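The sequence shown maps to residues 17 to 326 in the numbering used here. Cβ coordinates follow ideal geometry from the N, Cα and C atoms, glycine included. All values reported here derive from a predicted model rather than from experimental measurement. To start, the structure itself, in structure tokens.
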Amino acid sequence: MLTSFCVSKGSRLMCNMDASRQLSRLLCRPATTVSSRHFHFCASSRTSKNTSYQRAAHGPSSNDVQTAKCNYVERIITVNTCKYLYHAWRSRYGYRNAPSEGLDVPIKYMYTALDRTEQSDQTKRPLVLLLSGAPGSYMDFSHAIAFFLRNGVDVAALTWPDTAFSRKTNCWWHSSHEKTQLVLDFLKAINIQKLDMIVSHSSSSYVSLRLVTSPELIEVKSIALLNPATHLRPRCVKPMWAVFGCGRLFQNPSTRELACFLLRVVSMVERSVKSNIDDTFQSIHSMMLADVNQVRSICVPSPFNTSSQG
Numbered sequence: 017m018l019t020s021f022c023v024s025k026g027s028r029l030m031c032n033m034d035a036s037r038q039l040s041r042l043l044c045r046p047a048t049t050v051s052s053r054h055f056h057f058c059a060s061s062r063t064s065k066n067t068s069y070q071r072a073a074h075g076p077s078s079n080d081v082q083t084a085k086c087n088y089v090e091r092i093i094t095v096n097t098c099k100y101l102y103h104a105w106r107s108r109y110g111y112r113n114a115p116s117e118g119l120d121v122p123i124k125y126m127y128t129a130l131d132r133t134e135q136s137d138q139t140k141r142p143l144v145l146l147l148s149g150a151p152g153s154y155m156d157f158s159h160a161i162a163f164f165l166r167n168g169v170d171v172a173a174l175t176w177p178d179t180a181f182s183r184k185t186n187c188w189w190h191s192s193h194e195k196t197q198l199v200l201d202f203l204k205a206i207n208i209q210k211l212d213m214i215v216s217h218s219s220s221s222y223v224s225l226r227l228v229t230s231p232e233l234i235e236v237k238s239i240a241l242l243n244p245a246t247h248l249r250p251r252c253v254k255p256m257w258a259v260f261g262c263g264r265l266f267q268n269p270s271t272r273e274l275a276c277f278l279l280r281v282v283s284m285v286e287r288s289v290k291s292n293i294d295d296t297f298q299s300i301h302s303m304m305l306a307d308v309n310q311v312r313s314i315c316v317p318s319p320f321n322t323s324s325q326g
């Protein structure tokens, strides 16, 4: 039976340790790397000497008085993905030049079970997969990572390809289908067949729902959605004709600069655009190409369905 947990509000991601504890209660509690770097991360610190931590170094909330420390290895792996998806999407706008042999995607990730294996620790532990929003990084989950590791739960997490990668490839557009396939290929590459929990934030909820409704591809025991995106469009992408129109223009290299200019004009009116234009487009494409129909079919009951629910 799939267990779910949802946090629909909150300005900070997992900054309250109580949220981490609620996630841990859902878990069953039992008695190919290119390069890597070792980190010692203090989640209660406001700053970090390592620039890689700038996105994750959120200050603690007033309720978080604990100093959470954890050790893990940051790794990079290159995964070939979306081969069959891009073949099927050849006629779709923005995917005409997608490589038929699949796309090689460098992924920055962490996997604490692999860290322990390298230290000759073969202990079996529950495993949580963390999926950030867009833009985002697995280090956005700094408090949750520290809590899980301190309580004997392994963590796997990756950082999504960014808009710079989209500019380079002219085919990776952050759709929920692409990201779902990337996660599946990533898990296969690091030899994961079963997850005790998926924790997803914001637009990654689309990916999580596709994963949990595909038991033939990956076994998932529970899911936690933090401020999830839904089948309803948020205010930040309205007016949709203007925001998504800029997103489509950005997909074409010849109109990309025009898209950036028009989006800045929209931001002067709506005040909803981030200062980093690439981060903004990553958010736009994640929502514009989200699998909204999939979410609607899963989460919204049909008024014509009178059958009893088990």
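Judged by DSSP secondary structure, Tyr125 falls within the beta strand (DSSP E) whose first and last residues are 119 to 127. The alpha-carbon separation between Asp170 and Asn96 amounts to approximately 25 Å. If you look at Met213, you'll find it isn't in any alpha helix (DSSP H); it sits in the beta strand (DSSP E) that goes 213 to 217. Residues Ile214, Ser216, Ile239 of the same chain have their beta carbon placed closer than 6 Å to that of Ser224, with the five preceding and five following residues left out of the count.
The Cβ atoms of Trp176 and Ala150 sit closer than 8 Å to each other. Scanning its chain for C-beta atoms nearer than 7 Å, with the 5 sequence neighbours on each side dropped, one finds around Gly168 the residues Arg141, in chain order. Check the Cα spacing between Leu242 and each of Met284, Asn186, Gly261, Leu146: the tightest is with Leu146. Residue state for Arg91 is assigned as strand, using DSSP reduced to three classes. Boundaries for Leu233: no beta strand (DSSP E) harbours it, and the DSSP string shows neither H nor E there. Using a Cβ-Cβ distance cut-off of 8 Å, the stretch 183 to 197 and the stretch 300 to 307 are in contact, since at least three pairs of beta carbons, one from each stretch, lie closer than that value. Annotated three-state conformation of Lys210 is strand, per DSSP.
Short of 6 Å from the beta carbon of Ile206, and not among the five residues preceding or following it, lie these beta carbons of its own chain, in chain order: Tyr127. Straight-line measurement puts the Cα of Tyr100 at about 22 Å from the Cα of Thr179. For Val259, the uninterrupted alpha helix (DSSP H) run begins and ends at 256 to 267, by DSSP. Scanning His159, Ala172, Ser153 for the CA closest to the CA of Val89 turns up Ala172.
Taking C-beta atoms under 8 Å as the contact rule, Asp294 and Tyr222 fail to qualify, at a distance of about 21 Å.
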